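Numbering of the sequence shown is given in our numbering, commencing with residue 1 and proceeding in unit increments.
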Amino acid sequence: MSVKPRVGIIGAGAMGMAIAERLCTMRFPVTVRDIRRSRELLARRRGAIVARSPAALATACPIILSVVVDACQTEEVIFGEEGLVAGMRPGTVLLLCSTVAPAFAASVARRLASHGVLMIDAPMSGGPVRARDGTMSMMIAGPAAARSKARAVLTAMSNQRFDLGTRPGDGAAAKIVNNLMAGANLAAAAEGIALAIKLGLDPNRALDVVRASSGQSWIGEERMRRALRGDFALRASPAMLAKDLGLAIEAAADLAMPAPLANAARGIFLAALSLGHRDLDDASALKVYEAIGGVRRTVGRAPAKGRANTKR
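Set out below in C-alpha cells:
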C-alpha cells in the first residue's frame with residue numbers, strides 16, 4: 001500500500017479546517033498553520049500537527065494548500081518573512097485554493113517555478129460542509145507533473161474536479177465567473193423574496209414555486225430558506241462575496257466589457273457590510289431589503305395580505 005504524502009494547509013478558516021478534517025479522515029498526515037492560535041488548537045484536536053511558521057510547514061510537506069482570504073494574504077504566506085518559499089524544496093507542489101485574480105495566480109506560478117516549485121491553480125466552490133465530505137467542486141489548472149504528484153490529495157478533496165488545462169490563472173478565471181453568477185443569483189433571490197413578502201405572499205411557498213420554475217438557483221434556494229428561518233450563522237461572508245465580485249468587475253474592466261449585474265450585486269453585499277453584517281452569512285442580503293425596503297420577515301408564518309409583519 002502506497003504511503004500518503006504529508007499535506008500542509010495554510011489557513012485554517014472555515015474551508016481550510018473542513019479540508020483538514022476531510023484529509024485527516026482519509027488518513028493523510030496533515031500539518032496546519034494559521035495566524036490565529038485558536039484555529040491551530042482546533043486543528044490539533046481534529047488530528048493535525050501545527051507548524052510554527054509557513055516555512056517550517058513547507059520543509060515537512062511535499063503537497064501544500066494555500067487557503068487564505070485573498071491575494072494580499074497569499075503573497076505574505078508564500079513570499080513574506082518565514083513564508084513558504086523559504087522552506088520549499090524543488091518538486092514541492094502548491095495548490096493555490098484562494099479566489100484571486102487570474103493574473104495574480106499566473107504570477108505566483110511563475111515566481112514559484114524559479115524555485116523549482118510546481119503550482120496548481122485550484123480554487124474551490126461549495127462551502128465547508130461539502131469540503132468536509134469531499135463533494136465540493138474544484139477548478140484545476142496547472143502542469144501535468146504537478147497534477148500527477150497531487151492526484152491522491154485532489155481525489156480525496158473533491159469528487160467534482162474540472163480540468164481546465166495547464167495554464168495557471170484559468171482556474172481563477174473560472175472561479176470568478178462562477179462567483180459573479182452566484183452573487184447575482186443570490187442578490188436577485190433576496191430581492192425576489194423581499195418583493196414576495198411585500199406582496200403578502202408566504203415567502204417559503206414562493207420559494208417552492210421558484211424551485212419548480214424558471215427562476216430557480218441553488219444559492220438562492222439554499223440561502224433564502226435559511227434566512228427565512230432566521231438563520232444567519234456565518235458560513236460564507238458577504239465580505240468574501242463582495243471581494244470576489246470586485247475581482248469579476250476588475251477582470252471585465254480590463255477587457256473593456258460592461259458588468260452591470262456584477263456591480264449591482266456587489267452593491268447589495270457592500271450594503272450588508274455597511275449595515276454591520278460582516279459576521280453574518282451572505283444570506284444577510286435579505287437584511288439589506290429589510291433595512292431599505294421596509295420588509296418584515298415572519299418565521300414560520302405568512303404575513304397577512306397587504307399588511308407588513310413586524311415580527312423579526
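Idealized CB from N, CA, C, for every residue including glycine. From a predicted model like this one, the values you see are computed outputs, not experimental measurements.
Cβ-based burial, residue i [other Cβ within 10 Å; buried from 16]
i, result
"M124", "buried"
"R307", "The predicted position of R307 is uncertain, since its pLDDT is 37 and thus under 50; a value taken from the coordinates is nonetheless stated next. Label assigned to R307: exposed."
"E81", "exposed"
"V108", "buried"
"G165", "exposed"
"F104", "buried"
"T155", "exposed"
"P260", "exposed"
"M255", "In the sequence under discussion, the amino acid at residue 255 is Leu, which differs from the Met named in the question. By the 10 Å Cβ count, L255 comes out exposed."
Nonlocal neighbours in the same chain, by C-beta distance under 7 angstroms from residue i, ignoring five residues either side
i, result
"R167", "A141"
"M88", "A58, H115, V117"
"A265", "G183, A184, A187, L245"
"A173", "P102"
"A48", "A20, C24, V30, T31, V32"
Beta-carbon proximity check, residue i vs residue j, cutoff 7 angstroms
i, j, result
"I292", "L247", "no"
"V100", "A131", "no"
"C97", "V129", "no"
"N323", "G230", "Nothing can be reported for residue 323, as the shown portion of the chain is limited to 1 through 312."
"L94", "P54", "no"
"L273", "P238", "yes"
"G126", "S137", "yes"
"R39", "A12", "yes"
For residue j and residue i, the rounded distance between their alpha carbons
i, j, result
"R205", "M224", "12 angstroms"
"E290", "V50", "43 angstroms"
"I197", "Q216", "18 angstroms"
"M257", "A56", "44 angstroms"
"V295", "L286", "9 angstroms"
"A113", "F232", "42 angstroms"
"P303", "A189", "Reliability fails at P303, whose pLDDT of 38 lies under 50, so the model's placement of it is uncertain and the value that follows must be treated cautiously. About 19 angstroms."
"L234", "P90", "39 angstroms"
"G171", "A253", "19 angstroms"
"L228", "P203", "8 angstroms"
"A86", "A212", "54 angstroms"
"G16", "N178", "20 angstroms"
"A146", "G169", "15 angstroms"
Residue of the options minimising C-alpha distance to residue i
i, options, result
"A262", "A253, S274, I249, M136", "I249"
"R6", "M257, P62, R296, A146", "P62"
"Q73", "A113, R39, D34", "D34"
"I64", "T25, R44, D121, D279", "D121"
"A194", "S284, L234, A14", "S284"
"R46", "K243, D254, F28", "F28"
"K243", "L180, D254, R22", "L180"
"L199", "T25, R297, G126, R226", "R297"
"N159", "A14, M139, E40", "M139"
"Q60", "S148, R37, I10, A43", "The amino acid at residue 60 is misidentified as Gln; the sequence shows Ala. It is I10 whose Cα lies nearest to the Cα of A60."
"D163", "P143, V153, N178", "P143"
Check: residue i C-beta below 6 angstroms from any heavy atom of the ligand MG
i, result
"D208", "No copy of the ligand MG appears in this structure; indeed no ligand is present at all."
Close Cβ partners of residue i (< 6 angstroms) along its chain, the five nearest in sequence each way excluded
i, result
"D282", "A236, P238, L241"
"E191", "none"
Same chain, Cβ closer than 8 angstroms to residue i, five either side skipped, listed in chain order
i, result
"A150", "I63, V93, L95, I120"
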